[in-house]
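For the sequence shown, my numbering assigns the number 385 to the initial residue and increments by one for each residue that follows.
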Amino acid sequence: METADLIRKVRKIEIKTRGLSSQIFSGEYHSAFKGQGMAFREVREYQPGDDIRNIDWNVTARYNHPYIKIFEEEREMTVMLLVDMSASGEFGTGSTFKKDIMTEISAVLSFSAIQNNDKIGVIFFSDVIEKFIPPKKGKSHILRIIRELLELKPKHTKTDLTQALKYFTNVIKKRSITFLISDFMDQGYEDALKLAARKHDLVAIDLVDDRERAMPSMGLTLFHDPETGTNKWIDTSSAATRHTYAAYWHSHDQQLASMLNRSGIDWVKINTAHSYVQPLMNLFKRRERKL
């Protein structure tokens, strides 16, 4: 991508997603994702009605007068994005590819994080770790993340959620709010998912496209799997074939939902044919009600 084109695309995404973060998501994000515990702020003289459990006995003994410790919510958090860069993200049958939605959602969450004074970092993965951007604050950091989302060319095409989750739990030691953004076209990653969810506040964002769930009747058609690079001819005029295909994806979606629920993970499904704004708002509101 030419530098001028890249700058224009970064600017376009910044204007759209920053506006959404400011106008729609900032309050919901703050309410839905709270800091981890209370942090000590200062000591002041005891006043009637103060909780005697907060008396600082060392300072009280020194001044021969009761003093208490004052605490405040520890707001600053680390937010991590785990972004699936496998080849299936290039799929989309409407006006938008899954990768485009991933980019915008990542940008919205990033701007929401810095408006909340949180640090934001990203792990891009396929079936290898494509790139790790450590958590930082600031607008220039967010613009770097958007540039990488637009420009990064993955070395590999497949998906390995187990490796991505294991790398994440090893490299990020402090508890974080983590958004796993993927189409979850993988298997055998439940143990890694549960471990990550125990150590971090993990939220799953599942990207889907209607044509992946329902095969149209188009006669004998050549299908290409972008992750494996294989091609296969399928007779889509067969009702039995279309039924088997739809049943497979129905089972896949049910198993994914069950796995996320068992692991105690909040999640949302985003369809490329519809706006992601309302589903994200609903996710934030569900979390707020749980807190």
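We treat Cβ as the ideally placed atom computed from N, Cα and C, and that holds for glycine.
Residue range of the alpha helix (DSSP H) that residue i falls in?
{"i": "residue 594", "result": "594-597"}
{"i": "residue 554", "result": "545-555"}
{"i": "residue 642", "result": "623-646"}
{"i": "residue 525", "result": "523-535"}
{"i": "residue 581", "result": "574-583"}
At which residues does the beta strand (DSSP E) containing residue i begin and terminate?
{"i": "residue 563", "result": "561-566"}
{"i": "residue 481", "result": "No beta strand (DSSP E) holds residue 481; DSSP gives it neither H nor E."}
Does the distance from the C-beta atom of residue i to that of residue j stay below 8 Å?
{"i": "residue 517", "j": "residue 506", "result": "yes"}
{"i": "residue 545", "j": "residue 576", "result": "yes"}
{"i": "residue 592", "j": "residue 655", "result": "yes"}
{"i": "residue 463", "j": "residue 565", "result": "no"}
{"i": "residue 504", "j": "residue 526", "result": "yes"}
{"i": "residue 475", "j": "residue 405", "result": "no"}
{"i": "residue 563", "j": "residue 493", "result": "yes"}
{"i": "residue 620", "j": "residue 599", "result": "yes"}
{"i": "residue 451", "j": "residue 435", "result": "no"}
{"i": "residue 590", "j": "residue 651", "result": "yes"}
{"i": "residue 491", "j": "residue 397", "result": "yes"}
{"i": "residue 568", "j": "residue 640", "result": "yes"}
{"i": "residue 427", "j": "residue 453", "result": "yes"}
{"i": "residue 597", "j": "residue 630", "result": "yes"}
{"i": "residue 637", "j": "residue 477", "result": "no"}
{"i": "residue 416", "j": "residue 668", "result": "yes"}
{"i": "residue 610", "j": "residue 543", "result": "no"}
{"i": "residue 372", "j": "residue 538", "result": "No answer is possible for residue 372: it lies beyond the span of the chain, which begins at 385 and ends at 675."}
Can you tell me which residues form a DSSP beta bridge with residue i?
{"i": "residue 588", "result": "564, 651"}
{"i": "residue 451", "result": "429"}
{"i": "residue 374", "result": "This structure cannot settle anything about residue 374, because the visible part of the chain is limited to 385 through 675."}
{"i": "residue 468", "result": "509"}
{"i": "residue 462", "result": "503"}
{"i": "residue 360", "result": "Only positions 385 to 675 of the chain appear in the structure, and residue 360 is not among them; the question remains open."}
{"i": "residue 439", "result": "452"}
Take the Cβ of residue i as the centre, count every other Cβ of all protein chains shown within 10 Å, and call the residue buried at 16 or more, exposed below.
{"i": "residue 607", "result": "exposed"}
{"i": "residue 446", "result": "exposed"}
{"i": "residue 554", "result": "exposed"}
{"i": "residue 402", "result": "buried"}
{"i": "residue 570", "result": "buried"}
{"i": "residue 473", "result": "buried"}
{"i": "residue 624", "result": "exposed"}
{"i": "residue 584", "result": "buried"}
{"i": "residue 391", "result": "exposed"}
{"i": "residue 442", "result": "exposed"}
{"i": "residue 432", "result": "exposed"}
{"i": "residue 628", "result": "exposed"}
{"i": "residue 502", "result": "buried"}
{"i": "residue 666", "result": "exposed"}
{"i": "residue 602", "result": "exposed"}
{"i": "residue 683", "result": "Missing from the structure shown is residue 683; the chain here goes from 385 to 675 and no further."}
{"i": "residue 549", "result": "buried"}
Using a Cβ-based criterion (distance less than 7 Å to any ligand heavy atom), does residue i qualify as near the ligand HEM?
{"i": "residue 432", "result": "You won't find the ligand HEM in this model; it holds no ligand whatsoever."}
**Prompt:** Counting Cβ pairs, one atom from each stretch, are 3 or more of them under 8 Å apart for the stretch 464-479 and the stretch 530-542?
**Reply:** Flag = yes, the stretch 464-479 and the stretch 530-542 touch.
**Asked** Is the stretch 477-488 touching the stretch 639-658, taking contact as three or more C-beta pairs under 8 Å?
**Response** Contact holds: three or more Cβ-Cβ distances are below 8 Å.
**Prompt:** Would you call the stretch 636-651 and the stretch 507-514 in contact, with 3 or more CB pairs under 8 Å?
**Reply:** Flag = no, the stretch 636-651 and the stretch 507-514 do not touch.
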